[in-house]
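Using the UniProt record's numbering, you'd call the opening residue of the sequence shown number 1 and step up by one each time.
From the three backbone atoms N, C-alpha and C, an ideal C-beta is built for every residue, glycine too.
Following: one structure in structure tokens, then a few remarks.
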Amino acid sequence: MISVQHIHKKFGKLEVLKDFNLEFESGNSYALMGPNGSGKTTLIKIILGMVIPNSGEIMVQGKSIKGSYAYRSNIGYMPQIGRYPDNIKIGQLFAMMQDMRPEIKEYDMELVEAFGLNEMMDKPMHTLSGGTRQKVSAALAFMFRADILILDEPTAGLDPIAVEVLKNKIKKERDSGKLILITSHILSELEELTNHAIYIFEGDVFFNDSVNSLKEITGEDRFSTAIARLMEWSLKKNSPKKTELKNA
Ligand SMILES: Nc1ncnc2c1ncn2[C@@H]1O[C@H](COP(=O)(O)OP(=O)(O)OP(=O)(O)O)[C@@H](O)[C@H]1O
């Protein structure tokens, strides 16, 4: 459904992604992991057409995204930090986004209701707490019933009740066969929500396989300890395990 082909991205001299190749299929939920600054958000922004790679190609549903915006309507995106016009009210923001998508006749308002946002429609965005802004971003990501959901650190800044609400919503959408891509540093959350692990390190895809294979290859039963093992291997640059993983 999304194919990342030979993507290479540099910012000045900093080589963030070196020849990235990844396939994302519907019905799967992918954990995109890696240390701070390893390029997770950059990869997401390249898929969304918000950052242009130096070379390589992104295909969405079999078509190159080059010069195309239409494909974006099938992606619900929750950014790490949502940026909105300061003076716009929550209700106006939702209405504006809905106006931009006239083809959608029925919105998914489940998160708007569960987060109590319908009681705050008159609040200007600049007066909202960080967590409430996150709730608005989450509500918008799901509102247009997109087949692909890309969620960049979705629960960061949310209170525990809101975290549960959002996780349940992600599970519901996952179980309905959508393609979900999540970046997070919260491993327990990724274990609960995803079935496929991608670990990126120093510009390379260090691991890319199912969570079951991850556990098998590392010999660890728990997701968090399996990831800890991967991190250990990634830091030992000459570890034979790295070669084994790349060829796996
Ligand atoms: N517009 C930009 N100009 C210059 N450098 C950038 C730009 N965007 C990202 N970078 C750099 O690219 C690298 C990857 O950043 P990115 O935000 O993709 O990392 P990340 O894996 O999402 O990190 P985190 O886990 O901290 O969110 C970082 O070193 C960052 O400083």
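As a beta-bridge residue in DSSP terms, PHE201 pairs with ASP204.
ASP19 is the residue among GLY157, LYS172, ASP19, ILE65 whose C-alpha sits nearest the C-alpha of VAL205. Between the C-alpha atoms of GLY12 and ASP152 there is a straight-line separation of about 24 Å.
Across the structure, TYR30 and ILE198 are spaced so that their CA atoms are roughly 7 Å apart. Between GLY39 and GLY67, the alpha-carbon positions lie close to 23 Å from each other. Listed by position along the chain, the residues with Cβ atoms less than 5 Å from a non-hydrogen atom of ligand 1 are PHE11, VAL16, ASN36, GLY37, SER38, GLY39, LYS40, THR41, THR42. Out of MET143, ASN208, SER3, the CA that lies nearest to the CA of MET100 is found in MET143. At the C-beta level, ILE2 and PHE24 come within 8 Å of one another. The count of Cβ pairs closer than 8 Å, one atom from the segment 149–163 and one from the segment 70–79, reaches three, so the stretches are in contact. In the three-state reduction of the DSSP assignment, PHE24 falls in the strand class, which pools E and B. It is roughly 4 Å from the alpha-carbon of GLY56 to the alpha-carbon of ILE7. In the DSSP assignment, PHE94 falls within the unbroken alpha helix (DSSP H) covering 90–99. Boundaries of the beta strand (DSSP E) around PHE11: 2–11.
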